[in-house]
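Student: As they're listed, the protein sequences go chains A and B.
Here this note's numbering runs 345 ahead of the position in the first sequence, where the first position is 1.
Here this note's numbering runs 37 ahead of the position in the second sequence, where the first position is 1.
All C-beta atoms in this analysis are idealised placements derived from N, C-alpha and C, irrespective of residue type, glycine included.
Since the model is a prediction, treat every value here as computed from it, not as a measurement.
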Amino acid sequence: GAVVSQHPSWVICKSGTSVKIECRSLDFQATTMFWYRQFPKQSLMLMATSNEGSKATYEQGVEKDKFLINHASLTLSTLTVTSAHPEDSSFYICSARGFASGFNNEQFFGPGTRLTVL
Amino acid sequence: GNSVTQMEGPVTLSEEAFLTINCTYTATGYPSLFWYVQYPGEGLQLLLKATKADDKGSNKGFEATYRKETTSFHLEKGSVQVSDSAVYFCALSDWGGSEKLVFGKGTKLTVNP
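(1) When you compare the CB of B/Lys142 with every CB in chain A, is at least one pair closer than 7 Å?
(2) Among A/Ser354, A/Glu408, A/Tyr403, which has the Cα closest to the Cα of A/Leu391?
(3) Could you name the residues of the segment 364-386 of chain A whose beta carbon sits closer than 9 Å to any beta carbon of chain B, in the order they occur along the chain?
(4) Interface residues of chain A around B/Gly78 at Cβ under 9 Å?
(5) Less than 8 Å between C-beta atoms, sequence neighbours within five positions excluded: which residues of the same chain meet that for A/Asp410?
(6) Note down the Cα distance separating B/Gly133 from B/Lys89, rounded to an integer number of angstroms.
(7) Taking just the CA atoms, how far does A/Thr420 sit from B/Ala128?
(8) I need the boundaries of the beta strand (DSSP E) containing B/Glu113, first residue and last residue.
(9) Using a C-beta cutoff of 7 Å, does B/Leu81 count as contacting chain A?
(10) Taking Cβ to Cβ, would you say B/Thr49 is nearer than 7 Å to B/Thr144?
(11) Quick check on A/Glu451 - is its C-beta less than 7 Å from some C-beta in chain B?
(12) Quick test of your reading: A/Ala417 and A/Met378, contact by CB under 8 Å. State the CB separation rounded to the nearest angstrom.
(13) By the three-class DSSP mapping on this structure, what secondary structure does B/Ser120 have?
(14) Write down the C-beta distance between A/Ala347 and A/Ser370 rounded to the nearest angstrom, noting that I regard them as a contact closer than 8 Å.
(15) Would B/Gly115 be called buried (16 or more neighbouring beta carbons within 10 Å of its own) or exposed?
(16) Here's the rule: buried if 16 or more other CB atoms are within 10 angstroms of the residue's CB, otherwise exposed. What is B/Lys93?
(17) What are the residues in the segment 386-400 of chain A lying within 9 Å of chain B by C-beta distance?
(18) Where does A/Glu397 fall in DSSP's three states?
(19) Quick one: using the 10 Å Cβ neighbour count with 16 as the cut-off for buried, is B/Lys105 buried or exposed?
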């Protein structure tokens, strides 16, 4: 199956700093990538959808200036949490969808990144 | 808006026991329904799906039937194994291609030998 990686797997940062999370599709080209966040004992909530080469589409209530998403290539999308605060501490998960035949538009998920803001 | 409600865990079973994880949904129109599984340290993987009423999705011994009349998509397996220990997520999408998935909270399953 298709593989999606995330880096780092966990990060601790000080309040006010920015943190960048990478999401890579390792063996397929991802035309669309999705970013989710998950609070403890809560469901995954879609934050934004990004298509390669165009601006991300953010879900209602998600601050686009806070969570910067870049999808510059068909294998890489980045999420930057700017001026992070403790309430941004969460588990961030990306997924990727490719246009290769046989995928049936399925989303393939990364293992997630645990962000802790002190 | 669309929503998914699944039974809260954790669920602990002995090997070869019967498994049911309940999932109900609220949606406008005719959503597609999914079960994802997340093994420790790994990303979510699609376990099975159903795209229309009365469809049965199945994979690795797991089954779920799309019940429109009860708005349910319960996950079942007749005989669980230790290797089935994972977190299971029920999800729906307005579009068959899994665009904009809406997830339940997840149910952690532990199977003991």
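Tutor: By the coordinates alone:
(1) Chain A, which has a Cβ nearer than 7 Å to the Cβ of B/Lys142, makes this yes.
(2) With distances taken between CA atoms, A/Leu391 lies nearest to A/Tyr403 out of A/Ser354, A/Glu408, A/Tyr403.
(3) Of all residues in the segment 364-386 of chain A, Thr377, Phe379, Tyr381, Gln383, Lys386 have a Cβ within less than 9 Å of some Cβ in chain B.
(4) Under a criterion of Cβ atoms nearer than 9 Å, the residues of chain A adjacent to B/Gly78 are, in order, Ser354, Pro456.
(5) Excluding sequence neighbours, A/Asp410 sits near Thr427.
(6) The predicted model places B/Gly133 with a pLDDT of 49, which falls under 50 and marks its position as unreliable; any figure quoted below should be read in that light. The alpha-carbon separation between B/Gly133 and B/Lys89 amounts to approximately 9 Å.
(7) Rounded to whole angstroms, B/Ala128 to A/Thr420 spans 25 Å at the Cα level.
(8) In the DSSP assignment, B/Glu113 falls within the unbroken beta strand (DSSP E) covering 112-114.
(9) Using beta-carbon distances, B/Leu81 counts as an interface residue toward chain A, with a partner under 7 Å.
(10) Their beta carbons are not under 7 Å apart, which means B/Thr49 does not touch B/Thr144 by this criterion.
(11) Chain B contact via Cβ: present.
(12) In this structure, A/Ala417 and A/Met378 do not form a Cβ contact; the two beta carbons are roughly 11 Å apart against a cut-off of 8 Å.
(13) B/Ser120 falls in the helix class under three-state DSSP.
(14) 7 Å between Cβ atoms; contact.
(15) Counting every other CB atom within 10 Å of its CB across the protein chains shown gives B/Gly115 a total below 16, marking it as exposed.
(16) By the Cβ neighbour-count rule, B/Lys93 is exposed, with fewer than 16 other Cβ atoms within 10 Å of its own.
(17) Of all residues in the segment 386-400 of chain A, only Lys386, Gln387, Ser388, Leu389, Met390, Leu391, Thr394 come within less than 9 Å of chain B when Cβ atoms are compared, listed by chain position.
(18) Look at A/Glu397 here: in three-state DSSP terms it is coil, with no helix or strand label.
(19) Exposed is the call here.
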